[in-house]
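Worksheet: one structure, shown below.
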Amino acid sequence: METGPLGRIQSPRIIRIGGGIAAETAEVLEQLGLSRPLIVTDPGVARLHLPRITDVLDKAGLAWGLFDRVVEDPTDRCVAEGLAAFRAGDYDCVIGFGGGSPMDTAKAVSFMAVNPGHVRDYKAPAQIDRCGVPIILIPTTGGTGSELTRWCVITDTESPEKYNLSGLACVATAALIDWTFTVTKPARITADTAVDSLTHAIEAYVSRRAFPYTDAFALSAMPLIAAHVRRAYADPEDGPAREALMLAASQAGMAFSNASVALVHGMSRPIGAHFHVAHGLSNAMLLPTVTAFSVSAAPARYATCARVMGMASERDSDDTACAKLIEGLRQLNADLAVPSPTDLGHVADDAMLTLMARQAIASGSPANNPRVPDAEDIVTLYREMW
550 METGPLGRIQ
560 SPRIIRIGGG
570 IAAETAEVLE
580 QLGLSRPLIV
590 TDPGVARLHL
600 PRITDVLDKA
610 GLAWGLFDRV
620 VEDPTDRCVA
630 EGLAAFRAGD
640 YDCVIGFGGG
650 SPMDTAKAVS
660 FMAVNPGHVR
670 DYKAPAQIDR
680 CGVPIILIPT
690 TGGTGSELTR
700 WCVITDTESP
710 EKYNLSGLAC
720 VATAALIDWT
730 FTVTKPARIT
740 ADTAVDSLTH
750 AIEAYVSRRA
760 FPYTDAFALS
770 AMPLIAAHVR
780 RAYADPEDGP
790 AREALMLAAS
800 QAGMAFSNAS
810 VALVHGMSRP
820 IGAHFHVAHG
830 LSNAMLLPTV
840 TAFSVSAAPA
850 RYATCARVMG
860 MASERDSDDT
870 ACAKLIEGLR
880 QLNADLAVPS
890 PTDLGHVADD
900 AMLTLMARQA
910 IASGSPANNP
920 RVPDAEDIVT
930 LYREMW
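Numbering follows the numbering used here, with no gaps: position 38 of the sequence shown is 587.
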C-alpha cells in the first residue's frame, strides 16, 4: 500500500492567541517556572511596544534584562552580541519580541548558549536538537510565523549567505500571538509580511513534503490572507483584517514548519543576503514567476490554491485555475505596489546570478518544489523576475 510523506510535527508547548494576550506574558512564565527573562528585540519595536511587556513583568515582580540591538535580517555578529548579553546576566529564558528578526535571534541565542562553535556550524541540513533555555516568542508583524516554526534564518557576514537553522532547539516553548501589535505596521511592511505568509502557505501546500496535517493549516491561511491583505494595506486600523492576517501567519507558519518551503524561499534568501532586500518583499517579487514555472508539475494542487483564494471557481479546469492563480498573484503584487529589484536600483551580473543560484540550491528548499530546477533554471528565473 502506498502512503504519503511521513508526518513529523514539532510545535510550542503553549500557544495563546488573541487581542491583548501579551498581557499574559508573566502568567505564562510563571506557569513554566521561569522568572528571569532576557527580552530580545530591535530598536523600533522597543520604542513602540516594549512597555506593554515590561509593565506586565514589573507588576508580577519578575526581573528582566534587555537586548534591543537586533538588526534586520540578523547576522552572526548580532547573534554573538545577543549571546554576550545573555551570558552577562543570570537569565533563565529568552523572550523574542518583534518580527522574524528578533524571534530568530532569540532562538539562536538560546541554542548557541549550550552548543559549541559558530552559528554557521549548525546550518541545515543539520538538526539542532540540544536545546538551550526556554524561548517565549511574541510576534508583532504577523508574517514570518517564526513563533510556531522549527526554523530560524541567520545571515553570515563573511560569505555573505543567509542560512536556515532547524531542529527542536529552534521551537519555541511558548508563543503569545497578539494581533493588536500589528496596527502600527506601515503599509509596505504590512504588504510584505502578508505575502510572506501567503508564500509559506502556498509552498507548504505544494511541497513534496506536504501531508494532511500541514494541508489543513495551509488551506485555512490562504483564503484569510487573500481576503484581508488589501484591507489591512489600505487601512492600518482595520482590526478584523489585522486579526485575520496574524492568525493566517501563524497557521502558515505551522504548515511550512512541518512541510518545508520550496523554490521561492530558496531563491529569496540570496537576494536578501546580497542586496539587503527584506525577506517578505523578495518572496513577493518571486512568487508569481516561480509559480508560473512550477504549476505544470502539480496542477491539481496549484488549482486548489487558486480556488480557496477566490481567484478561480470550482467550475474552472485545473489548467484554467492555474492560469488564473498566476494572474491573480501578479495582480496582488500590482495592488500592493511590489517593486522589482530593478525598480530598487539593484543590478546583478551573470556571476552574481550564478552564485545566487548555487546558494539557492545549497539551501535545500528548491528540492521540495513540485518542479525541481537546476542552476540554469534558477538563473533564468532570476533574470525574468529582475
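Where a beta carbon is used, it is the ideal one built from N, C-alpha and C, also for glycine.
Strand pairing of residue i, partner residues [DSSP]
i: Asp892; result: None, per the DSSP bridge assignment.
i: Phe646; result: Ile687
i: Trp700; result: Ser715
i: Leu725; result: Arg565
i: Ile588; result: Leu615 and Ile644
i: Lys672; result: Leu714
i: Asp705; result: Glu710
i: Thr654; result: Answer by DSSP bridge pairing: none, since Thr654 is not bridged.
i: Thr624; result: Thr704
Range covered by the beta strand (DSSP E) that runs through residue i
i: Tyr712; result: Glu710 to Ser715
i: Phe616; result: Gly614 to Phe616
Segment limits, alpha helix (DSSP H) that includes residue i
i: Pro665; result: Taken as a continuous stretch (DSSP letters only), Pro665 belongs to no alpha helix (DSSP H), as it is neither H nor E.
i: Leu904; result: Asp899 to Ala911
i: Gln580; result: Thr574 to Gln580
i: Lys873; result: Asp867 to Asp884
i: Thr838; result: His828 to Ser843
i: Met934; result: Ala924 to Met934
i: Ile570; result: Run containing Ile570: none; DSSP gives neither H nor E here.
i: Leu794; result: Gly788 to Ala808
i: Ser817; result: Leu812 to Phe824
i: Ser746; result: Ala736 to Val755
i: Thr853; result: Pro848 to Val857
i: Thr763; result: Pro761 to Ala783
Pick from the options that is closest to residue i, judged by C-alpha positions
i: Arg758; options: Asp745, Ser914 and Ile564; result: Ser914
i: Gly666; options: Pro674, Val628 and Leu835; result: Val628
i: Ser560; options: Cys701, Leu599 and Leu697; result: Leu697
i: Arg907; options: Pro709, Leu587 and Asp784; result: Pro709
i: Ala612; options: Gly859, Thr624, Glu579 and Leu904; result: Glu579
i: Cys642; options: Val668, Gly648 and Ala657; result: Ala657
i: Ile563; options: Ala724, Leu747, His814 and Lys734; result: Ala724
i: Ser715; options: Val619, Ser746 and Val810; result: Val810
i: Gly647; options: Thr693, Phe635 and Tyr640; result: Thr693
i: Glu621; options: Pro600, Asp867 and Gly829; result: Gly829
i: Met905; options: Gly582, Asp923, Asp892 and Asp653; result: Asp923
i: Leu615; options: Ile644, Gly593, Leu597 and Thr624; result: Ile644
Outcome for residue i when other beta-carbon atoms lying within 10 angstroms are tallied against a minimum of 16
i: Met550; result: A caution first: Met550 carries a pLDDT of 33, below 50, which makes its placement in the model unreliable, though a value can still be read off. The residue is exposed, with fewer than 16 neighbouring Cβ atoms inside 10 Å.
i: Pro819; result: buried
i: Thr552; result: Because the pLDDT of Thr552 is 48, which lies under 50, any placement of that residue in the model is unreliable, and the number read from its coordinates should be weighed accordingly. Classification for Thr552: exposed.
i: Ser889; result: exposed
i: Asp938; result: No information on residue 938 is available, as it lies outside the stretch 550 to 935 that the chain covers here.
i: Ser695; result: buried
i: Glu925; result: exposed
i: Gln880; result: exposed
i: Ser831; result: buried
i: Arg557; result: exposed
i: Arg596; result: exposed
Chain-order list of residues whose beta-carbon lies under 6 Å from that of residue i (same chain, five-residue window excluded)
i: Val919; result: The sequence shown places Pro at residue 919, not Val. The answer, listed in chain order, is Val755, Ser843, Ala846 and Ala847.
i: Phe660; result: Ile677, Gly681 and Ala718
i: Glu933; result: Thr838
i: Ile570; result: Leu725 and Asp727
i: Leu812; result: Val839, Pro915 and Asn918
i: Leu768; result: Val857
i: Ala861; result: Ala855, Ala870 and Lys873
Contacts around residue i, its chain only, beta-carbon distance under 7 Å, and the 5 residues preceding and following it disregarded
i: Arg626; result: Thr706
i: Ile738; result: Thr690
Residue-chain proximity (residue i, chain C), Cβ-Cβ < 7 Å
i: Ala612; result: The structure shown contains no chain C; it holds only a single protein chain.
Residue i: CB within 6 Å of a non-hydrogen atom of the ligand MG
i: Leu773; result: Summarising the ligand content, the structure contains no ligands, and the ligand MG is consequently not present.
Close beta carbons around residue i, own chain, < 8 Å, minus the five adjacent residues each side
i: Ala575; result: Val605, Leu606, Lys608, Ala609 and Leu611
i: Glu863; result: Arg856
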